[in-house]
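The structure appears below as structure tokens.
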Amino acid sequence: MPTTSRASVMAIQDLGISDTPYSYRTEKPMKRPVDLSKWRKYQIVIAGTIFAYNGSLGASLPSGASSNIADSFQVSHDSPRLVLLNSLYLLGFAIGPMVFGPMSEFFGRRPVLIGTYLGYTFLTVGCALSPTFDALLAFRFLCGINGSVPNAVLGGLYSDIYNTPNQRGNAMAIFIFVAIAGPMTGPLISGYAILLGWRWVFWIALIIAGSGVPFVLLAPETYLPVLIRQWKNGDAELGSGHHVRSEFPFKFGEIFIRPYAMLLTEPIVSFTSLYLSVIYGVLFLFFQAYPKIFEGLYGLSTGINGLAFIPMVFGSLLGLCTFLAYVSFHGKALDAGKAWASIEEYRRLPLACVAAPTIVAALFWIAWTSYTFIHPAVPMMAGIFFGFGYFLVFTTMLNYLTDAYKEGSASAQAAASGTRAIMAVVLPFATTSMYNTLGVHWANSLIGFIALALTLIPFAFIRYGKLLRLKSKMLSAPRKKTSTDHSILQLNMASLQPLDASKLSYTYTTTPQKVPDQETLKRAHGTICTDHMIIASWKAEAGWSAPELKPYGPLNLLPSASCLHYAYECFEGLKAYRGYDGKLRLFRNDRNTRRLQMSADRISLPKFDPDALERLIEILVATDGPKWLPKERAGDFLYIRPTIIGSDSQLGVAAPKEALLYIIIGYMARMDAPTGGKRLLTSPEGMIRSWPGGFGHAKVGANYGPSVLATQEAYKQGFHQILWLYGPDGECTEAGGSNFFVIWKRKDGKKELITAPLDDNLILDGITRRSCLELAKERLGDELVVTERKFTIGEVMEAAAEGRIIESFAAGTAWFITAISTIQHRGKDITIPTGPDGTPAHYTSKFKQWLGEMMYGPVEHEWVKVVSEKEDTN
-13 MPTTSRASVM
-3 AIQDLGISDT
7 PYSYRTEKPM
17 KRPVDLSKWR
27 KYQIVIAGTI
37 FAYNGSLGAS
47 LPSGASSNIA
57 DSFQVSHDSP
67 RLVLLNSLYL
77 LGFAIGPMVF
87 GPMSEFFGRR
97 PVLIGTYLGY
107 TFLTVGCALS
117 PTFDALLAFR
127 FLCGINGSVP
137 NAVLGGLYSD
147 IYNTPNQRGN
157 AMAIFIFVAI
167 AGPMTGPLIS
177 GYAILLGWRW
187 VFWIALIIAG
197 SGVPFVLLAP
207 ETYLPVLIRQ
217 WKNGDAELGS
227 GHHVRSEFPF
237 KFGEIFIRPY
247 AMLLTEPIVS
257 FTSLYLSVIY
267 GVLFLFFQAY
277 PKIFEGLYGL
287 STGINGLAFI
297 PMVFGSLLGL
307 CTFLAYVSFH
317 GKALDAGKAW
327 ASIEEYRRLP
337 LACVAAPTIV
347 AALFWIAWTS
357 YTFIHPAVPM
367 MAGIFFGFGY
377 FLVFTTMLNY
387 LTDAYKEGSA
397 SAQAAASGTR
407 AIMAVVLPFA
417 TTSMYNTLGV
427 HWANSLIGFI
437 ALALTLIPFA
447 FIRYGKLLRL
457 KSKMLSAPRK
467 KTSTDHSILQ
477 LNMASLQPLD
487 ASKLSYTYTT
497 TPQKVPDQET
507 LKRAHGTICT
517 DHMIIASWKA
527 EAGWSAPELK
537 PYGPLNLLPS
547 ASCLHYAYEC
557 FEGLKAYRGY
567 DGKLRLFRND
577 RNTRRLQMSA
587 DRISLPKFDP
597 DALERLIEIL
607 VATDGPKWLP
617 KERAGDFLYI
627 RPTIIGSDSQ
637 LGVAAPKEAL
647 LYIIIGYMAR
657 MDAPTGGKRL
667 LTSPEGMIRS
677 WPGGFGHAKV
687 GANYGPSVLA
697 TQEAYKQGFH
707 QILWLYGPDG
717 ECTEAGGSNF
727 FVIWKRKDGK
737 KELITAPLDD
747 NLILDGITRR
757 SCLELAKERL
767 GDELVVTERK
777 FTIGEVMEAA
787 AEGRIIESFA
797 AGTAWFITAI
807 STIQHRGKDI
817 TIPTGPDGTP
827 AHYTSKFKQW
837 LGEMMYGPVE
847 HEWVKVVSEK
857 EDTN
């Protein structure tokens, strides 16, 4: 067995694993469920869909064979015991989710799904071979318990593998469609299977269930806390030769009481369960009512009565298509920055608001068209509206539950499933007396009036849903941290989706801008951007989304976005240069991307791959550069702004759980040659830009906004920028947002290039600054001593008074390299030597020339990246 370092042992102990013995291997790292391949996820969805169909099919399967079963076991056709064929199955639907939903959050999804699916399959054999009616009822009850599992578990299962609401919603829509189609096709299958005998109803069910066994057996475990426990037990990276201290004691109260607690204390769960239980009960009431209408009133056969449910299936299919269309519409609205699309309740509930009235319309339709002088197809067609509304209400409300409760969604779904199963048990018992007393017309109307009152629920959720979620104890209560949480954090850090430039998608603008003329561009300095942008989102639980190149446009942010309140924002500034040789170049952009990562780290924004960001920048420049910086504009540049912001909605001070990275390109006028040279005013007393240990070294928004007040005052007095000083001695730090350099003669007669140091985080590690220092050491080492140390405004004033200042300049991306001609400090001017009319003096000119030849050509240098341009996409 390989030896383990002390650090490794400590790390393993942190995961809750005893200290002896150890076996450690790294050749089989574990993936989170959200990192499974697309096809593996499809296989999981197929397995869930198969189970959902079988379980829901069983709920109504005997409906078309009840008379034959009654004859076989000598049970009266009017006996309430016949209702038990479906009602006991549905009683199992009420009990099963309350048990297996929470169990799936303890033991995992896989053992619960496999165990109950095999149980359902074998118990179906029992139904087919039942020697007595009581035995058949018992097997039906047990089948219902096992067949109910998808109602409780699939919402959580899909939440495990899909981290975006749209993907999760689509999977849930398929589940709900087959869960609806199952009961609706049950009477159709049994209506014709009885031609072979009633036992063939269950043999056919066995064939359908048995064909799905391989798919269910191949389904993997997806519940992350259980996977972490397996990981700690040695099923993944750790070997099996160790012991684990269990953090998951089986607590009855915590496991099985949770759905009931949610039902009683969570209004979203309570009212969702109420609404769904009523319309679910109505569906099963129809299994008793349709024979009264179409067999009793119209005299149709049992088989034709089964066909009456086909319009409901068709309506459900229309609902599925509508749901998928809305998901696409909502996604586009979200990408376009529409404010309504970012509201959580608008992701699902508008469809429920549309669908709820169609259920009411269907109930009144069938109530008042069920006359012998009206063709039976007319009331049957009401099923289209009922199926449409039924599907959309179920899909949207259950998705809303899953979105709201995430990891606890299995318990929330169990509460909803259990209550609606109880309603489906109880309501059919009232069918005979209700229809005999009120008649077909008023019995259906009574149900329609109840459904009408309940249509208020989705509208109320849209209005008050956010408030209910904020007040929810289960959604807001802090959970005690465990070492498994630490394990999950470690796994997440290792397996979150990275920023991946190879996954970039392209959506080119269909309304390209016309590039303004040069004068317009200069007047609109910093306000005009090119046609496209690149954007990628990040979530703490998932990592980075696939980046997208898309038309330039607004971002999707709520007023409570963290960047708007706590300055979770960092950015970079770099340029794309059009060379005199026609080539499009980037200068040291690798330094910019790494500095952006440092800035993001400083303010708790997410990590990313700097190389990936570098590649994305190149792609955007290659896309928009040919049009916006054509070859006839040689010697000009475009300004590139990569930015990361905290985008999650939170008014509390905490590290953002969501972020956006975007890259835009804009036009900025040239600023490196102000007439007469750059004039600086030292910062006012009592005002500083940065401090040791602060964030002056990071390119964060909070560094720049507070400096504008002093800069505006400097403008009024005829200066270009503030020379920021720090401390009682007036240490020179930066000139505006640029690095500040002085070239002087020291008192020993040596020439020195001096600038502030980086060691106390007072100043930015500027790309141009770094380049000037490296060039000075490489090319001017014989002439200049290159020094990075603290120096004060007093030293500058003294050197100026003694005639030792040779020249001074500021270096940065926006101003490039600009000669400084004057510094005013407390009313006293310090005159700095320059070339004629404030032009750069000797050394400043050299730096400007050397860097300019790299940026614009013809000098080839390792600092420069030539961009391979795309043909104009516009």
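No gaps in the numbering here: position 719 of the sequence shown is 705 in this note's numbering, and each next residue is one more.
The beta carbon of each residue, even a glycine, is placed where N, CA and C say it ideally should be.
Is it true that the CB of residue j sits closer than 8 Å to the CB of residue i?
{"i": "ALA402", "j": "GLY267", "result": "no"}
{"i": "LEU646", "j": "LEU485", "result": "no"}
{"i": "GLY317", "j": "LEU378", "result": "no"}
{"i": "VAL346", "j": "THR355", "result": "no"}
{"i": "ARG334", "j": "THR405", "result": "no"}
{"i": "LEU535", "j": "ILE520", "result": "yes"}
{"i": "SER49", "j": "GLY130", "result": "no"}
{"i": "ARG577", "j": "ILE803", "result": "no"}
{"i": "ILE147", "j": "LYS278", "result": "no"}
{"i": "PHE610", "j": "THR516", "result": "According to the sequence as given, residue 610 is Asp; it is not Phe. For ASP610 and THR516, yes; Cβs fall inside 8 Å."}
Span of the alpha helix (DSSP H) holding residue i?
{"i": "CYS515", "result": "From DSSP, CYS515 is part of no alpha helix (DSSP H); its letter is neither H nor E."}
{"i": "ALA348", "result": "335 to 355"}
{"i": "GLY780", "result": "779 to 787"}
{"i": "SER145", "result": "135 to 147"}
{"i": "TRP730", "result": "From DSSP, TRP730 is part of no alpha helix (DSSP H) but of the beta strand (DSSP E) over 724 to 731."}
{"i": "GLN504", "result": "504 to 509"}
{"i": "GLN698", "result": "694 to 702"}
Along the chain, where does the beta strand (DSSP E) containing residue i start, and where does it finish?
{"i": "GLY798", "result": "791 to 798"}
{"i": "ILE818", "result": "Looking at the DSSP string, ILE818 is not in any beta strand (DSSP E), and its letter there is neither H nor E."}
{"i": "ARG185", "result": "From DSSP, ARG185 is part of no beta strand (DSSP E) but of the alpha helix (DSSP H) over 185 to 197."}
{"i": "GLY632", "result": "623 to 632"}
{"i": "SER807", "result": "802 to 811"}
Do you know whose CA, among the options, lies nearest residue i's CA?
{"i": "GLY301", "options": "SER176, ILE370, ILE360", "result": "ILE370"}
{"i": "ASN747", "options": "THR719, ILE729, PHE119", "result": "THR719"}
{"i": "LYS211", "options": "ILE166, GLY94, TYR712", "result": "Inspection of the sequence shows that residue 211 is occupied by Pro rather than by Lys. Per the Cα distances, GLY94."}
{"i": "LEU864", "options": "ILE36, ILE809, ILE329", "result": "Beyond the ends of the chain as shown, which are -13 and 860, falls residue 864; an answer cannot be given."}
{"i": "ILE791", "options": "ILE809, LYS24, GLU644, THR799", "result": "ILE809"}
{"i": "ARG675", "options": "GLY662, ALA121, GLY713", "result": "GLY713"}
{"i": "PHE79", "options": "SER42, LEU249, LEU104, GLU699", "result": "SER42"}
{"i": "PHE380", "options": "ALA124, LYS702, ALA159", "result": "ALA159"}
{"i": "ALA787", "options": "LYS776, ALA762, PRO628, THR817", "result": "THR817"}
{"i": "GLU717", "options": "VAL782, ILE30, MET584", "result": "VAL782"}
{"i": "GLN274", "options": "PHE295, LYS569, LEU260, LEU262", "result": "PHE295"}
{"i": "GLY568", "options": "VAL853, TRP184, PHE257, PRO117", "result": "VAL853"}
{"i": "HIS847", "options": "THR579, THR697, ARG571, LEU582", "result": "ARG571"}
{"i": "TRP730", "options": "TYR690, GLU784, GLY691, ASN72", "result": "GLU784"}
{"i": "ARG455", "options": "ALA191, VAL426, LEU387", "result": "LEU387"}
{"i": "LEU337", "options": "PHE315, TRP614, TRP351, PHE350", "result": "PHE315"}
Report the rounded CA-to-CA distance for residue i versus residue j, giving the unit in angstroms.
{"i": "GLU223", "j": "ILE214", "result": "Residue placement at GLU223 is flagged as unreliable, the pLDDT there being 38, under the threshold of 50; a coordinate-derived value is accordingly withheld."}
{"i": "ARG665", "j": "VAL772", "result": "24 Å"}
{"i": "ARG231", "j": "SER693", "result": "Model confidence at ARG231 stands at a pLDDT of 37, short of 50, so the residue's coordinates are unreliable; what they give is reported in the following sentence. One C-alpha to the other measures close to 55 Å."}
{"i": "GLY177", "j": "SER53", "result": "11 Å"}
{"i": "TYR357", "j": "LEU283", "result": "8 Å"}
{"i": "THR102", "j": "SER46", "result": "19 Å"}
{"i": "ALA620", "j": "ALA562", "result": "11 Å"}
{"i": "PRO844", "j": "GLU331", "result": "58 Å"}
{"i": "PRO235", "j": "PRO245", "result": "In this predicted model, PRO235 has a pLDDT of only 47, less than 50, meaning its place in the structure is not dependable enough to derive any value."}
{"i": "ALA247", "j": "SER458", "result": "12 Å"}
{"i": "SER9", "j": "ALA598", "result": "Confidence in SER9 is poor, its pLDDT being 35 and thus under 50, which makes the residue's placement unreliable; the coordinate value appears in the next sentence. Rounded to whole angstroms, SER9 to ALA598 spans 36 Å at the Cα level."}
{"i": "TRP428", "j": "ASN422", "result": "10 Å"}
{"i": "CYS307", "j": "MET298", "result": "14 Å"}
{"i": "SER397", "j": "PRO253", "result": "14 Å"}
To which residues of the same chain is residue i closer than 7 Å at the C-beta, ignoring the five residues directly before and after it?
{"i": "PRO66", "result": "PHE415"}
{"i": "LEU99", "result": "PHE37, VAL135, VAL139, VAL202, ALA205"}
{"i": "ASN40", "result": "TYR106, GLY133, ILE194, ALA195, GLY198"}
{"i": "PHE445", "result": "CYS339"}
{"i": "ILE631", "result": "CYS549, TYR554, GLU555, ALA645, LEU646"}
For residue i, I'd like the list of residues in its chain whose CB is within less than 6 Å of its CB, leaving aside the five on either flank, ordered along the chain.
{"i": "PHE238", "result": "The predicted model places PHE238 with a pLDDT of 48, which falls under 50 and marks its position as unreliable; any figure quoted below should be read in that light. For PHE238, where only same-chain residues beyond five positions count, there are no Cβ hits under 6 Å."}
Below 8 Å CB to CB, which residues in the same chain sit around residue i once its five sequence neighbours on both sides are set aside?
{"i": "TRP849", "result": "PHE573, ARG574, SER757, MET840"}
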